Amino acid sequence: SAYHGPVRLSRYPHLQADINELVGSESSSIFGETYARILENSVEGAEDLMRILDSDEAQLSTSFGGHWVSLQLKQVAKVIAARRILATERDVFFIHFNGWDTHFQIDEDVAPKWAHVDAGLASFVSEMKAQGIWENVTFAMGSEFGRTIDSNGGGTDHGWGGNTFVMGGAVNGGRILGRYPDDLSRSSELRLHRSIIPSTSWESMWNGIAEWFGVEDGAMETVLPNLRNFADCQDTGCGVITQG
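Take 150 as the starting number for the sequence shown in the numbering used here and just add one per residue.
Here you go:
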C-alpha cells in the first residue's frame, strides 16, 4: 500500500492455498511460469520489506499528517531510512495526488490541495534533514497536462502550458525558469487554437535531474530526445542541481 506500507499475504488467508498451488507447480507455458515466479518473488519481497520497515532503523523522528500525500511521503521516508539494510545506492519513488482537473472554483478546490502538499512536504523535508540525507534527495512535481488560455464552459480546459517545481538539498533553488509570454492574444505566435506553446520544454526539468542522477552527456539525447530543440541553458535546466 502506498499509504501504509507493504501488505502481508497473511492478511488474506483465503488466498494462501491458491497462491501456494500456483507458485508451487511448474507450468509448461513460459508466460505462466514467468507469472508464477514474479508472484512468488512479490510475496516474498513484501514480507522482507515489511520486516525491514518494522525494524528500528526504519523508524522516523518526524510526525506526518493523515492526508494521503503525507502518508505516501511517510512511506518513502521509511524506505530511505532503511537504505543501509536495503543496500541501495539510489532509488526513485512516485507518489500521486489526483483531482487537480478543476475547470472552475479554483480558490475553493485548489487552495486546500496545496495545503495538503505543503504539509506533506514540510514533514518530509524535516525528516530528510533529521536523517542527514536531504542534500542527496530531489523532489520533482509533474502533471500530465497544462491549461488552455480560453474558457471552456465554466473554466479553462486541457492544454500544453503549465507549471512545475523541483526542490532538494542540492537544488540551486529560489529561481523561476522559463519566460512568461509577452502576448497572450489570439494573434500571438505562441497560441495554438485555445492552447499555448510553452517557452520551456518538459525536458528542462529532467535534464538537471538526469545530470545529477549520473546520465552521461553522450546519453542525454537518448534519454531526452527533445532537448536538442532547446539550446539556452535556462531552457535546458543545466545547473539546476549544484552537487551530487
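By construction, the Cβ of each residue, glycine as well, lies at the ideal position given by its N, Cα and C atoms. Remember, it's a predicted structure, so these values are computed and weren't measured experimentally.
Cβ-Cβ distance between residue i and residue j below 8 angstroms
i    : j    : result
V315 : M354 : yes
P330 : S348 : yes
A231 : I201 : yes
I229 : A151 : no
E276 : L209 : yes
R343 : T297 : yes
G322 : G311 : no
M199 : R233 : no
E284 : G318 : yes
H216 : G269 : yes
Identity of the residue in the options nearest residue i by Cα
i    : options                : result
H265 : P155, Q221, M369       : Q221
D250 : E284, Y184, G304, I298 : G304
G291 : F246, N301, K262       : F246
N356 : W283, F273, P374       : P374
I187 : E196, V172, L198       : V172
L326 : T313, G318, E370, E360 : T313
L235 : G248, H216, F242, A207 : A207
E238 : K278, K262, I282       : I282
DSSP three-state assignment for residue i, whether helix, strand or coil
i    : result
G215 : coil
H163 : helix
R186 : helix
D299 : strand
G322 : coil
A268 : helix
Q115 : Only positions 150 to 393 of the chain appear in this structure, which leaves residue 115 out of reach.
G363 : coil
N247 : coil
E370 : helix
L220 : helix
A230 : helix
I174 : Here the sequence assigns Ser to residue 174, which means Ile is not the residue at that position. Coil.
Residues sharing a beta bridge with residue i, DSSP
i    : result
I345 : R340
F288 : M316
G304 : N301
Status (buried if at least 16 other CB within 10 Å, exposed otherwise) for residue i
i    : result
M224 : One detail in the question is off: residue 224 reads as Gln in this sequence, not Met. Buried, by the Cβ-count rule.
L164 : exposed
F213 : buried
S177 : exposed
G393 : Residue placement at G393 is flagged as unreliable, the pLDDT there being 49, under the threshold of 50; the coordinate-derived value follows with that caveat. Looking at its Cβ environment, which holds fewer than 16 other Cβ atoms inside 10 Å, G393 is exposed.
E352 : buried
V259 : exposed
Proximity test, Cβ basis, 8 angstroms: residue i and chain D
i    : result
S337 : This model lacks chain D altogether; it includes just one protein chain.
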